[in-house]
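Each remark here refers to the structure printed beneath this line.
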Amino acid sequence: MSAIDIDRAWDLHPQVSVRPEPFGALLYHFGTRKLSFLKDRRLLAVVQSLKDAPTARAACTAAGVPAPDLARYGAALTALARSSMVVERTP
Amino acid sequence: MTITTPRGSNPASGPRLVDLFEHGLDAPICLTWELTYACNLACAHCLSSSGRRDPRELSTEEAKAVIDELEAMQVFYVNIGGGEPTVRSDFWEILDYATAHHVGVKFSTNGVRITPEVARRLAANDYVDVQISLDGATAEVNDALRGPGSYDTAVRAMRNLADAGMKNFKLSVVCTRHNIPQMDAFKALADAYGAQLRLTRLRPSGRGADVWDDLHPTREQQRELYDWLVAHGETVLTGDSFFHLSAYGEALPGLNLCGAGRVVCLIDPVGDVYACPFAIHDEFLAGNVRRPGGFAGVWRESELFRRLRQPQNGGACSACAFYDTCKGGCMAAKFFTGLPLDGPDPECVQGYGEDLLAKRPQNRTGLPRPSADHSRRTSPTRTGPVPLTLTRRPNPDRPPVSDCAEDPLAGLRVT
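Residue numbers (the numbering used here), protein chains in the order written: chain W, 56 to 146; chain U, 4 to 418.
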């Protein structure tokens, strides 16, 4: 899978549960039974803002991601999309 | 459990996941819950020395209260085991209660209750996963360890699950000296039923302590197993149980960390909470869910868990070049084989464990025993003749007195 388009709308998969932890968060997908870790709190904020943001880029901005770091957060979202933790939101 | 970490989510200078986990989590990731000590089998290597039900086992209501706590703590799923959990008459009620409260259930069974009807019910619930235990890819190897007929029972259960459309359930194998040559056969068996193979380590816990010396893989077999695991990567699950083998080179998929009290723990049938499923011993007892504070109180406040979450020093292993990959191996394996906890694993791939094992007393004196033994006692434990010495009664004047002699003064001698 190539990098996701951060100018589209994304969301957590409905079967994914998020548990915040001091270091970031744990994500568990009840459908694939896969566990994933977010190693930083800001990425957690990004993931949590996806639902209400028009695009992933907007979610990053809302979570306070500085512009130079956008590519890195985009890569993290791509990894989450690859394991179906994050899916494209269809209107 | 499959673990993925989004690449790019941490700056290169950030801490490794395993270093974060060393300090413990707000709630366990992976919680094992043995629901009962009752079991229809009597496997020679049973981790929990199961057989007979314990009269103090948690009631249905108490079990539901534990699930309420797990839901509040956001424990994603529990691994339910035993004993044989499905012999509890309220097993299906507890399972439905957990999944209705967002606590997924993966349960281990020998398959005895997995009828076609039960299989259909399980296949219909997304929040349930089943793990069928089988320790030989042939009846001969399996039944020698797990008892006559247990191979057929497990295979019938797998067929029922496959027929019901259950995908990716687990075929769970404890690796022993006798089944290491069968790894490809296990994989083929799992594939035939649409199951995923899960391999775990033989631990010297419970009754396993009595058979470990004879059953644990030889040094050559450990290498063979490691190579097999590396070749099969993430298609085979290991429950992170072979991290001590990572010292051969490439790390195996998983956390590669002893999770005891940090990310895992065990709730036993009577509600006792232990640091890990392989350490049912007072030394690793953190508390009980029945006490005020419940399970969350034990997880967060236990003195033992607090200690386990301190950075561990490698002790005798700290000078070893491989300490960073194997972290000294499995705490329970060391404990029950009588090795120091801050030294090498008994199966240390560098051979340091073997040297220590060889120095133990031959008669096993001083080795810790599990705190609870629920093995069945239906057969006499003594198999040889009973040694007796025939002698004469010292006082022939005094006649034998039976308990039902009518005279209340029978046998009374006034001097």
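Virtual Cβ for every residue (Gly too), placed ideally from N, Cα, C. Please read these numbers as outputs of a predicted model, since none were measured by experiment.
N- and C-terminal bounds of the alpha helix (DSSP H) containing residue i
i: R145(U); result: Note on identity: in this sequence residue 145(U) is Asn, with Arg being the wrong assignment. Its alpha helix (DSSP H) spans residues 142 to 149.
i: E304(U); result: 297 to 304
i: D66(W); result: Here D66(W) belongs to no alpha helix (DSSP H); instead the beta strand (DSSP E) covers 65 to 67.
i: K330(U); result: It is not in any alpha helix (DSSP H) - K330(U) carries neither H nor E in the DSSP assignment.
i: E143(W); result: Careful: E143(W) lies outside any alpha helix (DSSP H), inside the beta strand (DSSP E) at 141 to 143.
i: D275(U); result: Here D275(U) belongs to no alpha helix (DSSP H); instead the beta strand (DSSP E) covers 275 to 277.
i: V21(U); result: 20 to 24
i: V101(W); result: 96 to 104
i: G290(U); result: Looking at the DSSP string, G290(U) is not in any alpha helix (DSSP H); the run it does join, the beta strand (DSSP E), is 288 to 291.
Own chain, CB closer than 7 Å to residue i, minus 5 neighbours either side, in chain order
i: W231(U); result: M186
i: T5(U); result: In this prediction, T5(U) scores a pLDDT of 49, lower than 50, which makes its location untrustworthy; the coordinate-derived value is nonetheless stated afterwards. E237.
i: R123(U); result: A167
i: G356(U); result: L342, P347, D348, P349, E350
i: T221(U); result: R180
i: I70(U); result: Y100, A101, H104, V106
i: R96(W); result: G79
i: N128(U); result: T102
i: L192(U); result: A140, L174
i: R55(U); result: Y40, A41, H377, R379
i: D57(U); result: Y40, P272, V273, H377
8 Å Cβ shell around residue i - same chain, five flanking residues per side excluded
i: G11(U); result: Caution is warranted here: a pLDDT of 44 is assigned to G11(U), below 50, making its placement in the model unreliable, and no coordinate value can be reported.
i: R312(U); result: E25, H26, G27, G264, R265
i: S138(W); result: H84, T87, K89, S91
i: E420(U); result: With chain U covering 4 to 418 only, the question about residue 420(U) has no answer from this structure.
i: N13(U); result: Because N13(U) sits at a pLDDT of 43, beneath the cut-off of 50, its placement in the model cannot be relied upon, and the point is left open.
Residue i burial status per 10 Å Cβ neighbour count (16 or more: buried)
i: P88(U); result: buried
i: N182(U); result: buried
i: P280(U); result: buried
i: R19(U); result: exposed
i: A131(W); result: buried
i: P295(U); result: exposed
i: K109(U); result: buried
i: R210(U); result: buried
i: L202(U); result: buried
i: D138(U); result: buried
i: T241(U); result: buried
i: L255(U); result: buried
i: T394(U); result: exposed
i: Q365(U); result: exposed
i: T133(W); result: buried
i: A15(U); result: Summary for A15(U): the model assigns pLDDT 36, below 50, so the residue's position carries little reliability; its value from the coordinates is reported in the next sentence. A15(U) should be labelled exposed.
Beta carbon of residue i nearer than 9 Å to that of residue j
i: S244(U); j: R204(U); result: yes
i: L105(W); j: D66(W); result: yes
i: V352(U); j: C329(U); result: yes
i: G341(U); j: G331(U); result: no
i: V239(U); j: Q199(U); result: yes
i: T39(U); j: G86(U); result: yes
i: I270(U); j: T63(U); result: no
i: L68(U); j: G297(U); result: Just to set this straight, residue 68(U) is Ala in the shown sequence, not Leu. Contact: yes.
i: L81(W); j: L93(W); result: yes
i: W1(U); j: R226(U); result: The structure shown does not extend to residue 1(U), since chain U is modelled only from 4 to 418, so the question has no answer here.
i: L148(U); j: A47(U); result: yes
Residue range of the unbroken beta strand (DSSP E) whose run includes residue i
i: C268(U); result: 267 to 270
i: Y83(W); result: 79 to 84
i: E76(W); result: 71 to 76
i: A30(U); result: Here A30(U) belongs to no beta strand (DSSP E), and DSSP marks it neither H nor E.
i: Q134(U); result: 131 to 136
i: V176(U); result: 173 to 178
i: S91(W); result: 89 to 93
i: V108(U); result: 107 to 112
i: R204(U); result: 199 to 204
i: N82(U); result: 80 to 84
Own chain partners of residue i with C-beta closer than 6 Å, once the 5 adjacent residues on each side are dropped
i: T112(U); result: T89
i: F325(U); result: A250
i: G300(U); result: none
i: G369(U); result: none
i: R59(U); result: V273
i: V190(W); result: Nothing about residue 190(W) can be read from this structure; chain W reaches only from 56 to 146.
i: Y229(U); result: L248, Y251
i: A136(W); result: I59
i: A66(U); result: I97
i: H219(U); result: L205
* Quick one, which residues of the region 107 to 125 of chain U are near chain W if we go by CB-CB under 9 Å, in chain order? -> G107, K109
(Q) Against chain U, which members of the region 79 to 90 of chain W pass a CB distance test of less than 7 Å? (A) L81, Y83, F85, G86, R88, K89, L90
The region 32 to 63 of chain U: which residues have C-beta closer than 8 Å to a C-beta of chain W, in chain order? I32
For this session: Using a Cβ-Cβ cut-off of less than 9 Å, list which residues of the region 64 to 77 of chain W approach chain U; keep chain order.
Result: Q70, S72, V73, R74, P75, E76, P77
Open item on the list: Output needed in chain order: residues of the region 63 to 83 of chain U with a Cβ under 7 Å from some Cβ in chain W.
Closed with: Q77, F79
If contact means a Cβ-Cβ distance below 7 Å, which residues of the region 93 to 121 of chain W contact chain U? L93, K94, D95, L98
By the 8 Å beta-carbon criterion, what residues does the region 227 to 260 of chain U contribute toward chain W? none
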